[in-house]
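Engineer:
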Amino acid sequence: IDLDSFTHETIFKQGDKYWFFEKSEDAFPGQAFGLEINQILYHTKSQFQDILIFKSLSFGNVLVLNGIIQCTEKDEFAYQELITHLPVMSHPNPTKALVIGGGDCGVIRELIKHVELGTIESITMVEIDDMVIQLSTKFLPEMAKYHNHPKVNLIIDDGFKFLKSTQEKFDIIITDSSDPEGPAEEFFQINYFKLLLNALQKDGIVIMQSSENIWLNLSYLKNLLKKAKTIFKNVKYSQCYMPSYTSGSLGLIIATNDELKDVTKPLRKLKPSLEANLFKYYNSNIHQSSFVLPTWAQNELKN
Ligand code: SAM
Numbered sequence: 012i013d014l015d016s017f018t019h020e021t022i023f024k025q026g027d028k029y030w031f032f033e034k035s036e037d038a039f040p041g042q043a044f045g046l047e048i049n050q051i052l053y054h055t056k057s058q059f060q061d062i063l064i065f066k067s068l069s070f071g072n073v074l075v076l077n078g079i080i081q082c083t084e085k086d087e088f089a090y091q092e093l094i095t096h097l098p099v100m101s102h103p104n105p106t107k108a109l110v111i112g113g114g115d116c117g118v119i120r121e122l123i124k125h126v127e128l129g130t131i132e133s134i135t136m137v138e139i140d141d142m143v144i145q146l147s148t149k150f151l152p153e154m155a156k157y158h159n160h161p162k163v164n165l166i167i168d169d170g171f172k173f174l175k176s177t178q179e180k181f182d183i184i185i186t187d188s189s190d191p192e193g194p195a196e197e198f199f200q201i202n203y204f205k206l207l208l209n210a211l212q213k214d215g216i217v218i219m220q221s222s223e224n225i226w227l228n229l230s231y232l233k234n235l236l237k238k239a240k241t242i243f244k245n246v247k248y249s250q251c252y253m254p255s256y257t258s259g260s261l262g263l264i265i266a267t268n269d270e271l272k273d274v275t276k277p278l279r280k281l282k283p284s285l286e287a288n289l290f291k292y293y294n295s296n297i298h299q300s301s302f303v304l305p306t307w308a309q310n311e312l313k314n
């Protein structure tokens with residue numbers, strides 16, 4: 012796609028350079044994160060959302076849905092690893108995993124590591140937009156490489172609808188969704204937490220991206236945690252540090268109905284050499300430290 016003739020609300024020309032700016036009047040007014048664009052790789056409006064993929068100067072290929080960055084090749088591993096390995100390593104014997112959303116397939120890539128370790132036996136992924144998967148296969152090949160794996164059951168459907176009708180119970184449920192503005196809106200409501208609990212084994216663990224962090228909208232985060240706490244007995248907040256999510260970090264909400272479980276410490280540990288071989292971001296120290304908050308945020312989120 013020729014940059015000179017391409018127009019998109021996120022793209023701006025400065026001198027002879029083109030920049031992508033992630034902006035949101037509602038979620039983070041008055042600030043933006045920018046990446047210089049090398050090349051537009053693909054743009055379309057699918058049935059569900061605006062999909063833009065570009066090659067950036069410094070962050071590799073970037074997937075953008077409805078103007079919001081979903082992942083960049085440079086730092087995607089941080090998020091995919093933390094959201095996957097936190098719940099899996101906190102569970103004594105996780106065999107069945109469910110992913111809601113996750114179209115770039117990065118979470119599947121991380122879950123497959125536990126299939127290969129002999130822990131996870133089946134992965135179900137429910138993604139609403141098949142186009143995200145197809146385009147990720149083409150433009151994010153390091154992420155989307157295992158969706159046809161024999162242990163993966165891929166369902167193209169609305170995750171909310173799936174959870175309403177499923178009779179299955181899972182050990183781990185990972186909500187790897189986009190932000191609330193768009194098809195993922197329902198994932199940030201109390202009813203969704205109810206559905207999660209219903210599809211979870213007694214000692215199961217759920218985790219979701221909160222679409223927020225402590226620097227952006229602490230009261231929104233507090234509210235979301237409150238919603239989770241009305242349904243789950245044990246709710247914790249963890250942070251993933253990475254430059255391409257707005258303000259450099261993304262919050263994860265991890266919950267279980269097992270009051271005695273301490274998800275802030277890994278229950279299972281891998282040999283340090285194996286851990287270092289398998290993961291680039293996650294390790295057992297990061298597992299614990301991701302729950303440590305600065306004082307003001309800790310006080311704010313306490314109740
Ligand atoms: N890691 C990313 C982040 O935090 O922004 C999320 C990446 S992943 C690409 C998000 C996926 O959720 C998208 O592919 C989107 O199509 C999917 N999604 C949004 N709403 C959904 C729904 N109702 N059911 C299933 N998948 C949904």
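Heads up: the sequence shown begins at 12 in the working numbering, then just goes up one per residue. Ideal Cβ positions, reconstructed from N, Cα and C, are used throughout, including at glycine.
#1: Can you give me the C-alpha to C-alpha distance between K156 and G113, rounded to a whole angstrom?
#2: How big is the Cα-Cα spacing for E127 and I183?
#3: For L122, tell me which candidate among P161, C251, D140 has the shortest Cα-Cα distance.
#4: Taking 9 Å as the cut-off, decide whether the C-beta atoms of I139 and I167 are in contact.
#5: Drop a sphere of 10 angstroms on the beta-carbon of S176, count the other beta-carbons inside from all chains shown, and report buried for 16 or more, exposed for fewer.
#6: Considering only C-alpha positions, which residue in the set E223, F199, D169 is nearest to K238?
#7: Can you tell me whether T306 is helix, strand or coil according to DSSP?
#8: Ordered along the chain, which non-local residues of its own chain (more than five positions away) have a Cβ less than 6 Å from that of F17?
#9: So for F150, helix, strand or coil by DSSP?
#10: Is it true that the CB of S101 sits closer than 9 Å to the CB of P283?
#11: Relative to the alpha-carbon of K240, which residue among T267, P254, V303 has its alpha-carbon at the smallest distance?
#12: When the Cα atoms are used, what is the spatial distance from F44 to T95?
#13: Give me the Cα-Cα distance between S131 and F32, rounded to the nearest whole angstrom.
#14: Would you decide whether T135 is buried or exposed? Buried here means 16 or more other CB atoms lie within 10 Å of its CB.
#15: Taking DSSP's pairing of strands, which residues face V99 in a bridge?
#16: In the DSSP assignment, the alpha helix (DSSP H) including Q178 goes from what residue to what residue?
#17: Just reading off the alpha helix (DSSP H) that L232 is part of, what are its end residues?
#18: Identify the continuous beta strand (DSSP E) that holds N164 and give its terminal residues.
#19: Please work out which residues of its chain come closer than 6 Å, Cβ to Cβ, to D190, disregarding the five sequence neighbours upstream and downstream, and give them in chain order.
#20: So what does DSSP say about F65, is it helix, strand or coil?
#21: Going by DSSP in three states, Q60 sits in which element: helix, strand or coil?
#22: Assuming H312 contacts I218 under a Cβ cut-off of 8 Å, what Cβ separation, rounded to an integer in Å, is found between them?
#23: Using 10 angstroms around the beta-carbon of L3, count the other beta-carbons present and answer buried if the total reaches 16, otherwise exposed.
#24: Given K205, which residues of its chain have a CB within under 6 Å of its CB, disregarding the five upstream and five downstream residues?
#25: Could you round the C-beta distance between N245 and K280 to whole angstroms and report it? I think they count as a contact, below 8 Å.
#26: Given a cut-off of 9 Å, decide if P254 and D86 are closer than it, judged by their beta-carbon atoms.
#27: Which of the three DSSP states, helix, strand or coil, is assigned to I218?
#28: Could you check if Q25 is buried or exposed, using at least 16 other CB atoms within 10 Å of its CB as the buried criterion?
#29: Let me know the secondary structure DSSP gives D115 once reduced to three states.
#30: Output the boundary residues of the alpha helix (DSSP H) element that contains L289.
#31: Is the beta carbon of Q232 sitting closer than 9 Å to the one on G259?
Structural biologist: Taking the definition as stated:
#1: 13 Å
#2: 17 Å
#3: P161
#4: yes
#5: exposed
#6: F199
#7: helix
#8: I51
#9: helix
#10: no
#11: T267
#12: 26 Å
#13: Position check: residue 131 holds Ile in this sequence, whereas Ser was assumed. The straight-line gap from Cα to Cα measures roughly 39 Å.
#14: buried
#15: Beta-bridge pairing links V99 to no other residue.
#16: Run containing Q178: none; DSSP gives neither H nor E here.
#17: 229-242
#18: 163-167
#19: I79, S222
#20: strand
#21: coil
#22: Inspection of the sequence shows that residue 312 is occupied by Leu rather than by His. So it is not a contact: roughly 17 Å between Cβ atoms.
#23: With the chain running from 12 to 314 in the structure shown, residue 3 is simply not present.
#24: I242
#25: With 8 Å as the limit, N245 and K280 do not qualify as a contact, their Cβ atoms being about 21 Å apart.
#26: yes
#27: strand
#28: exposed
#29: coil
#30: 283-289
#31: A quick correction: the sequence has Leu, not Gln, at residue 232. It is not a contact, given that the beta carbons lie outside the stated cut-off.
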